[in-house]
Amino acid sequence: YVKFASKDVVYAFGENATIVKSTDSGINWKLISTGVLIYSSPIVIDENTVLLQVGDYHSNKFFKTSDGGNSWLDYTINIDNVEPQEQGYFFFLSLNDIVYYSESFIKKTSDGGNTWESVPFPETTDAIKIVRPFDFNTFSIVDSKKVFRTTDSGINWIANDLLDTNFSYSGSYINYINQNTWFLFNYKNGFYKTNDAGVSWKKISSIVLNAPILYWKFFDENTGYIFGRSFLYKTTDGGYDWDKQFAGKSFDAEIQNVDIFEDGFLIGVGANGAIKRTTDHGYTWVNLRINVGSVIHDIAFTDKNTGYAVGRRGTILKTTNTGKTWENKSYPDEEYHFSNIQFFSPDTAIIASQDGTFFKTTDAGENWSMVGRMYNTGIKDISFINEQIGWACILSFSGGYSAVKTTDGSSFWLTKKYFGDTIVEAIHFFNENLGYATGRKGVIWKITNGGEDWQTIQLGTNFSLSTQFFIDENTGWVAGRQILKTTDAGNTWTLQLESSEYISSIHFVNYNDGWFVTQMGAIYNTSNGGESWEFNRKLAEQLMYKIFFLDEENGWATGNGGTFLKYSCTETSVEDNPPISENKDFQIFPNPAQNEITFSIPENQNINSISIFNSLGTEVKRIEQAKIIGNSKITISTADFPNGLYHCSFINKADRITKSFVILR
Numbered sequence: 223y224v225k226f227a228s229k230d231v232v233y234a235f236g237e238n239a240t241i242v243k244s245t246d247s248g249i250n251w252k253l254i255s256t257g258v259l260i261y262s263s264p265i266v267i268d269e270n271t272v273l274l275q276v277g278d279y280h281s282n283k284f285f286k287t288s289d290g291g292n293s294w295l296d297y298t299i300n301i302d303n304v305e306p307q308e309q310g311y312f313f314f315l316s317l318n319d320i321v322y323y324s325e326s327f328i329k330k331t332s333d334g335g336n337t338w339e340s341v342p343f344p345e346t347t348d349a350i351k352i353v354r355p356f357d358f359n360t361f362s363i364v365d366s367k368k369v370f371r372t373t374d375s376g377i378n379w380i381a382n383d384l385l386d387t388n389f390s391y392s393g394s395y396i397n398y399i400n401q402n403t404w405f406l407f408n409y410k411n412g413f414y415k416t417n418d419a420g421v422s423w424k425k426i427s428s429i430v431l432n433a434p435i436l437y438w439k440f441f442d443e444n445t446g447y448i449f450g451r452s453f454l455y456k457t458t459d460g461g462y463d464w465d466k467q468f469a470g471k472s473f474d475a476e477i478q479n480v481d482i483f484e485d486g487f488l489i490g491v492g493a494n495g496a497i498k499r500t501t502d503h504g505y506t507w508v509n510l511r512i513n514v515g516s517v518i519h520d521i522a523f524t525d526k527n528t529g530y531a532v533g534r535r536g537t538i539l540k541t542t543n544t545g546k547t548w549e550n551k552s553y554p555d556e557e558y559h560f561s562n563i564q565f566f567s568p569d570t571a572i573i574a575s576q577d578g579t580f581f582k583t584t585d586a587g588e589n590w591s592m593v594g595r596m597y598n599t600g601i602k603d604i605s606f607i608n609e610q611i612g613w614a615c616i617l618s619f620s621g622g623y624s625a626v627k628t629t630d631g632s633s634f635w636l637t638k639k640y641f642g643d644t645i646v647e648a649i650h651f652f653n654e655n656l657g658y659a660t661g662r663k664g665v666i667w668k669i670t671n672g673g674e675d676w677q678t679i680q681l682g683t684n685f686s687l688s689t690q691f692f693i694d695e696n697t698g699w700v701a702g703r704q705i706l707k708t709t710d711a712g713n714t715w716t717l718q719l720e721s722s723e724y725i726s727s728i729h730f731v732n733y734n735d736g737w738f739v740t741q742m743g744a745i746y747n748t749s750n751g752g753e754s755w756e757f758n759r760k761l762a763e764q765l766m767y768k769i770f771f772l773d774e775e776n777g778w779a780t781g782n783g784g785t786f787l788k789y790s791c792t793e794t795s796v797e798d799n800p801p802i803s804e805n806k807d808f809q810i811f812p813n814p815a816q817n818e819i820t821f822s823i824p825e826n827q828n829i830n831s832i833s834i835f836n837s838l839g840t841e842v843k844r845i846e847q848a849k850i851i852g853n854s855k856i857t858i859s860t861a862d863f864p865n866g867l868y869h870c871s872f873i874n875k876a877d878r879i880t881k882s883f884v885i886l887r
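What follows is the structure in structure tokens.
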């Protein structure tokens, strides 16, 4: 979905909650980080204000930005006083002027939902099928026989016969040009037009389309466009004749949605980050693919503000504002699927592609040049000690896994260890003389003497390991189906966790605070060095590859479909937040609950916020500090929570306690 907020500012929305923004009419795009995992519908109000509807298309819960996507907050439209209590749809004329309607009622508010006014419905015995707001007072209703229209918020309705009794409302579209001129299209009946607000209709075209209309827009009574998955047509005579707006035999199949700002100026979007722009009505398109929907494999930060992410199809993204937005720096050749990035200085970094190709930048990611290539190999992991000396775990397509070393920045690689069919997933070196490698079959190698000596540590074939993280030369963790820890440079290992899901990445901020993410998006954290792990949230039903923390307060998780999520711990006015007390001091009741639930909070806990997540890990409710201070008990409504399991996190700067409850009716 793509939408112009103005001629310069354009938003595009994709799968996995991906949002990108352009401020130069669609020429350049930046990825916007929202923290939102799933939303059903985006609403662009103006250049700075965007709403993301959370839940289904009837939900009254949104995430809102008022600063062009830099920050996002919970936003709820109050429909508690709306009668009847039926599901409807929202139509935004502005942030305050909203219409809420269904097939059987119309409500409107001019104060953002604080008060609602009913729009009387016309009397009809037929089931209402199409309700269309035009402005705050003008509405039309179309059923299978009549068109009803009001210009005074339902005080008076004018009814006119609709075409003929054989009209089918299924697959029908109605579009307003102004209050008097409307277009109606139906698969079976074609195009109809009225110039007198539905009093009389004239069939203007019998154009046959082989796919549904996904978009149409008229600039005046004569000039308009219609778009579907395989066509783009334009009319200049009010819909009587339609000319195709594409070169060749068919329209660009990659484009799945368009928006048109002015006659001839269109932006189209499609799968895998496809964004295309045309200024000649659609005959020629400039490809602006940004790959933000691609797989993100790795992420690295050079300071608190500046970070980089790499992934499939040549994806390279850069942020200079702590991850709020991401600028596209992708490599022009999409054949390269980047798996690793490592920085040597704020300006100098190396990237590895899964096929064994290496690229280097010396100007902070503005330009990348190929510096080496291993043929017929697949890279599993890399670790560079400096710009010249590096290691890689590889799979040779001729058979077998190996560890290879370069001393010239990746131009030439020498095999230092052959593992046969033992899958080696991770390697890390602290200096030229000490490193570790991790294998699937419960094998860890301690590497010394510049890579000449390999000490095999066999943990047992019941251990399946794929990732590792070391705080220093002595203390580290390996993970896969289990988590094991060493504090004596790998000589002994202690089992800390058996995981039901495969752990794809683990990261520690210090000796105590660590995080891991499973392949299916579950995140856990520890505050005691891994002795115990606490469920934090489940991110998405996407494969997740990397979790990375810059410090205790800023972290990121990345994965399939451009999934790119940020963790941020907000500062409070309390200088010294003590750890939250034991679980038993926090109570949630009743449990199971129905329509409301109460949280009992012990004194002196300095809770910053309370967050409630559903079983998918989506945050469905947040209670901020202002509502918590001074209250030992907080009661909230759960009437709109579906039945199921929920996780409630009590959070302060130093700690987090998570408890669970069930909604059961």
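Residue numbers (this note's numbering): 223 to 887.
From the three backbone atoms N, C-alpha and C, an ideal C-beta is built for every residue, glycine too.
G522 - partner residues in DSSP beta bridges:
Per the sequence shown, the amino acid found at residue 522 is Ala instead of Gly. DSSP lists Y530 as partners of A522.
I think D474 touches W438, with their Cβ atoms under 8 angstroms apart; what is that distance to the nearest whole Å?
Going by Cβ atoms, the distance from D474 to W438 rounds to 18 angstroms, so no, they are not a contact pair.
What residues are listed by DSSP as bridge partners for D773?
N776
Taking Cβ to Cβ, would you say E695 is nearer than 8 angstroms to D735?
no
So which of R451, L406 and F441 has the shortest CA-CA distance to T457?
F441
With a CB to CB cut of under 8 angstroms and the five nearest residues on each side skipped, what residues in its chain are close to T271?
K286, T287, S288 and L317
List the DSSP bridge partners of Y398.
W404
Quick one, which of F566, I832, G631 and G621 has its alpha-carbon nearest M925's?
The question about residue 925 has no answer here: the residues shown for the chain are numbered 223 through 887.
Below 8 angstroms, can you find three or more Cβ-Cβ pairs linking the stretch 483-502 to the stretch 750-757?
no
Could you check if D555 is buried or exposed, using at least 16 other CB atoms within 10 Å of its CB as the buried criterion?
exposed
Range of the contiguous beta strand (DSSP E) that encloses R887:
Note, R887: premise wrong, no beta strand (DSSP E); not H, not E.
With respect to the beta strand (DSSP E) encompassing F560, which residues constitute its N-terminal and C-terminal limits?
F560 to F565
Of the residues N713, F358 and A381, the one placed nearest S375, counting alpha carbons only
F358
Whole-angstrom distance between D862 and N282, CA atom to CA atom:
10 angstroms
Just how far apart, CA to CA, sit T888 and I858?
Any answer about residue 888 is impossible in this case: the structure gives the chain only from 223 up to 887.
Which of the three DSSP states, helix, strand or coil, is assigned to G461?
coil
Once DSSP output is grouped into helix, strand and coil, what is the label at N750?
coil
Report the rounded CA-to-CA distance for L274 versus H559, giving the unit in angstroms.
31 angstroms
Can you list, in chain order, the residues of its chain whose CB lies under 7 angstroms from that of E654, leaving out five sequence neighbours each side?
I607, I611 and G672
Cutoff 8 angstroms; reference D319; Cβ partners in own chain excluding five residues on either side
K330, T331, S332 and F358
Presumed contact (8 angstroms Cβ cut-off) between I769 and F738, rounded CB distance:
6 angstroms
Measuring alpha carbon to alpha carbon, tell me which of T373, I845, N292 and G446 ends up nearest Y462.
G446
For G492, which of helix, strand or coil comes out of DSSP?
strand
C-alpha distance - F771 paired with P812, whole-angstrom precision
37 angstroms
On a Cα-Cα basis, can you pick out the residue from A571, S624 and F685 that is closest to I521?
A571
Is DSSP giving N799 helix, strand or coil here?
Any reading at N799 needs caution, since the residue's pLDDT is 44, under 50, leaving its predicted position unreliable; the model's value is listed next. Reduced to three states, the DSSP call for N799 is coil.
Quick check on G672: does DSSP put it in helix, strand or coil?
helix
Return the first residue and the last residue of the beta strand (DSSP E) that G712 is part of.
Careful: G712 lies outside any beta strand (DSSP E) and carries neither H nor E.
Cα separation between P434 and W423?
22 angstroms
Which runs of the beta strand (DSSP E) at least 3 residues long sit entirely within the stretch 625-710? Give them in chain order.
636-642, 646-653, 656-661, 665-670, 675-680, 687-692, 698-702 and 704-708
Could you spell out where the beta strand (DSSP E) holding T500 opens and where it closes?
I497 to T500
Can you tell me whether I477 is buried or exposed? The criterion is at least 16 other CB atoms within 10 Å of its CB, across all chains shown.
buried
Let me confirm a value: R163 is counted as buried when at least 16 other C-beta atoms fall within 10 Å, else exposed. Which label applies?
This structure cannot speak to residue 163, because the chain is shown only from 223 to 887.
Taking C-beta to C-beta, are L253 and L539 nearer than 8 angstroms?
yes
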